[in-house]
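Input: a single structure, listed below in C-alpha cells.
There are 2 protein chains.
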Amino acid sequence: MRALLLYRLELSPDTDPPDTDPADAVVEVDPATPIIRATDLGVTRGDGVFETAVVRHGVPQALEAHLHRLERSAALLELPAPSLDRWRTAVRRAAAAVSRPGVLRDGEIASIKFAMTRGDELDHAGPTGWVLSFAGADPSAVRAAGVTAVVLDRGYRHDVMHTAPWLLQGAKSLAYAVNQAALREAARRGADDVVFVSADGFVLEGPRSTLIARIDDTLVTPPPEFGVLPGTTQGDVFAGLADRRTAIVPVTREDLRRADALWLCSSTRGAVPVRALDGAALAIDHELTARMNAVLDARED
Amino acid sequence: MRALLLYRLELSPDTDPPDTDPADAVVEVDPATPIIRATDLGVTRGDGVFETAVVRHGVPQALEAHLHRLERSAALLELPAPSLDRWRTAVRRAAAAVSRPGVLRDGEIASIKFAMTRGDELDHAGPTGWVLSFAGADPSAVRAAGVTAVVLDRGYRHDVMHTAPWLLQGAKSLAYAVNQAALREAARRGADDVVFVSADGFVLEGPRSTLIARIDDTLVTPPPEFGVLPGTTQGDVFAGLADRRTAIVPVTREDLRRADALWLCSSTRGAVPVRALDGAALAIDHELTARMNAVLDARED
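Chains as they are written, first to last, in my numbering: chain A, 1 to 301; chain B, 1001 to 1301.
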C-alpha cells in the first residue's frame, strides 16, 4: 500500500450552518505530514469511527452505504452526528483526484479511508476528521486463488449489542487492536484470515470482512443484531444476485460445517472465496465468485 | 487538564545499539503540534500501549513498575520490546521539567502519559512514541468525598487471557473505546465510575483503575490472570500496609456485596473510596484511605 492523497476535514461540534459550502472544509495536506495530536482521543483511546470505500469508474463505490454506516457507528459511540455533506464532498473529490491518468501504477487500485475521532481531549474543539486515499493491490489474484481462514472466538455472546451496548459491538471503531491480534493469530496458524464466532457458538464476521456462506443452496450472512457490521459489499452482492436465494439469518458453528462455499466480502477486495477453513479444504465456486465480483465492479456509485 | 510538555521519541524497530545515548532520542515539541500521521496504526487501529505516572517530589512515581507493565502490554500486543532506557530517560526528564517552580498552578498536580504505537502502516519504520506531561486536578477532594460507581459486564469470561489471548485482555492498549463507553454508561446512570465484572460473574477492575475491596477484614484485589492490569498503585498500597491482611484472589459479584469498603486505585488519583455501588451506600473509611494515600504520596520513585 502507498498513500496517494490526504485531506484534513474541518469539523465543528455543531451541525453545519446552512450557508456553509462543504467544500470549504476540505484541506489537502501531504500524507506524510502528521495531522493528529498526542492528545486526540482517536489515538489515546481509539475513540473514533472509520470507513473504507474502493474507487472504480472514478467514484467511491457504495458511498451512501458507507456514509450511512459511518453515521450508525458514530451513534453507537455517541459521537456527534457526522456532517455527511462534508464527508461526501471530500470522499468524492478524493476519488476523482486519484482516478486521473498516471496516479495508479499497473496492478493497483485506489481506496479511500475516512475517519472521524472524538477530537482533542484537552481543547474539546470538536471531532477530528480526515480522508486518506491509498493504492493497494488489484484483488484479481486473491479473488481467483481464495484465502485460508481459521475460526476464532470473539469472546462475547451473540446478544451483547443489546445486553451491554457499551462493548460497542457492531461499530466500526478505531479501537481495532483485537482485530489485528486475531489476524496475527491466524498467521501463526498458517492462515490468511479469521472468521469470528461468539462465545455461545454463533458465526459473526471477519476482522475486516463480512462472511457469506452457501448452506443448502442459500447464500446466508449473520444479522447485524449479533454485533456484526452491516456489510456494504455483502449487501450489494445479495442485491445483485436476484436469481439466488439469500438470507440474513443466525448461523451456528454447526451450520458453518455444512457450508459448501464461503466468501469474505470487503470493499477493497470484493468477494474473496475461502479455500480452506481450519485446515479443511473448501471448493471454490469460481463461476459464482466471478459473478459476485462482476456485480460489485460494475457499480457506478 | 492542560498539556504542559511533549516529547517525541525516536524509536527504531531494533534494540538500541550499545553506544547510543538514550537522551539523544528525546525531541521536545509543542504539545499543540500534531505528531501522529493518519497512517499510524496507533490511530487507525488503536494498535499501541501506554502508561500514566504521577509526578511527586520531582520524580515519576512507580516508574519501574510502569515500565515493566509497558513491556508486558507490548508483549501481549506482540509489539517490539520497548527500549526502556529511552523511556526512562524521557519520563524522568519530563518529571523534572514540570516540577520547576511556576509550572503548576494552585490545586494542580502533574502526570506523565507515555505511549508507543506499532508505527506507520505504510512505511514500516518502527514504533511511534511520545511522552506527554499534563496538569490535572489535585486529588485531595475526590479522595475525601469518594466516588459513586456502577457494576458493568465486560462481556468476556474471566479466563479469556488464556483461552483467547488475541482479545488482549490484561494489556493497557490504546484501543480503549469500550472503557470510554462504559464511563458514559456510568454517567447515564448518575455515577462517576465503573467496576467491570466478567461474563461469568468475577469482579475485574475499573476502566481506569484497580479495585481494592475490604472483605472479612482483608484487602483483596482480583488476579492479573483474570485479564486485569497488574495495578501499580494497588501494588504499592498493599506493600505499604504491612499490618493489614492483603490478598490477590478471585472475587465474585457475591463477594463484592459483602465488602464493607471499596477503593479505586490509579496513578493520578491514588486510592479513591467508593461511597456508593449501584446506588447502595458504602461507608468511607477515611482513616485507612488517608493512610493508603500517605503511603502513595511519600514514594520517591
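Heads up, the beta-carbon is just placed ideally off N, CA and C, and yes, glycines get one too.
{"Item": "Here's the rule: buried if 16 or more other CB atoms are within 10 angstroms of the residue's CB, otherwise exposed. What is Arg1002(B)?", "Value": "exposed"}
{"Item": "Just to confirm my understanding: we take Val1091(B), look at its own chain, exclude 5 residues before and 5 after, and list those with CB closer than 7 Å. What are they?", "Value": "Ala1053, Pro1060, Leu1063, Ile1112, Phe1114 and Val1131"}
{"Item": "Could you tell me which residues DSSP pairs with Trp1130(B) in its beta bridges?", "Value": "Arg1008(B) and Ala1115(B)"}
{"Item": "Give the interface partners of Glu185(A) over in chain B, defined as CB-CB distance under 7 Å, in chain order.", "Value": "Trp1166"}
{"Item": "By a C-beta neighbour count over all protein chains shown, 10 Å radius and 16 as the cutoff for buried, is Val1150(B) buried or exposed?", "Value": "buried"}
{"Item": "For His1066(B), count neighbouring Cβ atoms within 10 angstroms of its own Cβ and tell me buried if that reaches 16, exposed if not.", "Value": "buried"}
{"Item": "With 8 Å as the threshold, decide whether the Cβ of Asp47(A) is near any Cβ in chain B.", "Value": "yes"}
{"Item": "May I ask you to verify whether the region 99-110 of chain A touches the region 20-29 of chain A, counting CB pairs closer than 8 Å and requiring at least 3?", "Value": "no"}
{"Item": "Does the contact criterion of 3 or more C-beta pairs under 8 Å hold for the region 286-294 of chain A versus the region 260-277 of chain A?", "Value": "yes"}
{"Item": "Report the rounded CA-to-CA distance for Ala1177(B) versus Glu225(A), giving the unit in angstroms.", "Value": "20 Å"}
{"Item": "Beta-carbon of Gln1180(B) versus every beta-carbon of chain A: anything under 8 Å?", "Value": "yes"}
{"Item": "By the 10 Å Cβ neighbour count, where 16 or more other Cβ atoms means buried, how is Ala137(A) classified, buried or exposed?", "Value": "exposed"}
{"Item": "Evaluate contact between the region 35-46 of chain A and the region 120-135 of chain A, counting only Cβ atoms and requiring at least three cross-stretch pairs below 8 Å.", "Value": "yes"}
{"Item": "Got a sec, what are the start and stop residues for the beta strand (DSSP E) Asp193(A) sits in?", "Value": "Asp193 to Val197"}
{"Item": "Which chain A residues are close to Trp1130(B), counting only those with a beta carbon under 7 Å from its beta carbon?", "Value": "Ala38"}
{"Item": "Taking the alpha-carbon positions, what's the Leu1204(B) to Ile215(A) distance?", "Value": "40 Å"}
{"Item": "Tell me the rounded alpha-carbon separation between Thr1218(B) and Arg1245(B).", "Value": "5 Å"}
{"Item": "Since Thr44(A) meets chain B, which of its residues come closer than 8 Å, beta carbon to beta carbon?", "Value": "Phe1050, Lys1113, Ala1115, Leu1174 and Tyr1176"}
{"Item": "Name, going along the chain, the residues of the region 1143-1164 of chain B whose beta-carbon falls closer than 8 Å to a beta-carbon of chain A.", "Value": "Leu1152, Asp1153, Arg1154, Gly1155, Tyr1156, Arg1157, Val1160, Thr1163 and Ala1164"}
{"Item": "In chain B, what lies closer than 8 Å to Leu229(A) by C-beta?", "Value": "Ordered by position in chain B, no residue passes the 8 Å Cβ test against Leu229(A), which lies about 15 Å from the chain."}
{"Item": "Taking 8 Å as the CB-CB limit, is Pro31(A) close to chain B?", "Value": "yes"}
{"Item": "Short of 8 Å Cβ to Cβ, which residues in the region 1184-1208 of chain B face chain A?", "Value": "Arg1184, Glu1185 and Ala1199"}
{"Item": "Please go through the same chain and pick out, in chain order, the residues whose beta-carbon is closer than 7 Å to the beta-carbon of Glu1121(B), but skip the five residues on each side of it.", "Value": "Thr1039, Leu1041 and Thr1044"}
{"Item": "Which of the three DSSP states, helix, strand or coil, is assigned to Pro1165(B)?", "Value": "helix"}
{"Item": "Can you tell me whether Gly1042(B) is helix, strand or coil according to DSSP?", "Value": "helix"}
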